[in-house]
Each structure stands twice: as C-alpha cells, then as structure tokens.
Amino acid sequence: MALIITRPLGGSGTIPQVSDIVETIDPMQNKDVDVTSNVNILGVNWYIAIQNDNSKQAMIFQINAIKTGENDVSYTIYGITGNLLPHFINITNASNIITLNINNTSTDLYNIHIIRINV
45 MALIITRPLG
55 GSGTIPQVSD
65 IVETIDPMQN
75 KDVDVTSNVN
85 ILGVNWYIAI
95 QNDNSKQAMI
105 FQINAIKTGE
115 NDVSYTIYGI
125 TGNLLPHFIN
135 ITNASNIITL
145 NINNTSTDLY
155 NIHIIRINV
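With our numbering applied, the sequence shown covers 45 to 163.
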C-alpha cells in the first residue's frame with residue numbers, strides 16, 4: 045500500500061507524522077498494536093489491514109479517533125473492504141495517550157499492517 049501525504053499549494057502547514065506498523069496477533073488473543081507516544085496530538089487516523097495467516101483472507105478499513113478529554117476518546121470505523129474476519133477493536137485514551145487494541149477471536153494467526161497519521 046502506498047500512502048502519499050501532501051499539503052495544499054501555498055500552504056505553510058507541516059506534514060503530519062506517519063507510522064508504518066506491522067504486528068501479529070495469536071489466535072484467541074488481544075494485543076495493543078499501536079500506542080501514541082505524543083500527548084500533544086488531537087487524534088489519529090489509522091488505515092488497517094488484517095490478514096488471516098492460514099486462509100490468506102483479508103480485510104481493510106479505516107479508523108478515525110479523536111480525544112474528547114484527558115481520558116476519553118471518540119472513534120468511527122469506515123469502509124470495511126474484503127472478508128469479514130472475526131475480531132474486536134478497542135480504543136482507549138489514558139492521560140492523553142491513545143491505544144489501539146485488536147482482539148483476534150479466530151483460531152488462526154492474524155497479520156496486522158497499520159498506517160497511522162497523527163492529527
């Protein structure tokens with residue numbers, strides 16, 4: 045997947061920090077797959093691909109999360125494409141640090157690929 049970040053012509057804004065994350069989640073386990081390290085960000089955009097290591101089925105989706113308080117977060121999941129693989133998403137905000145946790149509820153290993161853009 046290629047991701048190109050641009051700013052408007054004549055704009056003076058900075059390009060946001062982009063992180064490329066690769067993880068695996070064992071069957072029937074959950075894992076914190078991303079933890080923001082910058083307390084000054086407002087939120088994050090995640091582009092996530094989950095692939096079942098056994099069947100090679102995959103799904104891709106986007107999550108936008110924004111802090112709504114020092115220990116609160118609001119998020120929306122967009123555009124699920126591909127196979128619907130069994131999983132749960134949990135996003136938390138503790139002391140302005142946002143954590144993305146994915147629970148693999150299947151009996152197969154999952155490969156996780158994430159692009160995170162700080163907002």
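Backbone N, C-alpha and C fix where the C-beta goes; we use that ideal spot for every residue, glycine too.
- Could you please give me the residues that DSSP links to residue 95 through a beta bridge? 102, 155
- Would you report the Cα separation of residue 139 and residue 119, rounded to the nearest angstrom? 17 Å
- Query: Across which residues does DSSP place residue 144 in a beta bridge pair?
  - Reply: 78, 135
- Query: Going by the beta-carbon positions, is the gap between residue 141 and residue 83 smaller than 8 Å?
  - Reply: yes
- residue 114 - DSSP class collapsed to helix/strand/coil: coil
- Message: For residue 100, tell me which candidate among 159, 154, 163 has the shortest Cα-Cα distance.
- Response: Measuring from the Cα of residue 100, the nearest candidate turns out to be 154.
- Message: So for residue 47, helix, strand or coil by DSSP?
- Response: Low per-residue confidence applies at residue 47: pLDDT is 49, beneath 50, and the placement is therefore not dependable, though the value from the model is reported in the following sentence. Three-state DSSP puts residue 47 in coil, outside helix and strand.
- Message: Assuming residue 68 is part of the beta strand (DSSP E), what are its boundary residues?
- Response: In this chain, the beta strand (DSSP E) harbouring residue 68 covers 62-69.
- Please check the pair residue 110 and residue 90, which I expect to be a contact at CB under 8 Å, by giving their CB distance rounded to whole angstroms. Actually they do not touch by this definition, with Cβ atoms about 12 Å apart.
- Message: Contact defined as beta carbons within less than 8 Å: I believe residue 156 pairs with residue 67. What is the distance between those atoms, to the nearest angstrom?
- Response: 4 Å
- Taking the C-alpha atoms as reference points, what is the distance between residue 74 and residue 113? 25 Å
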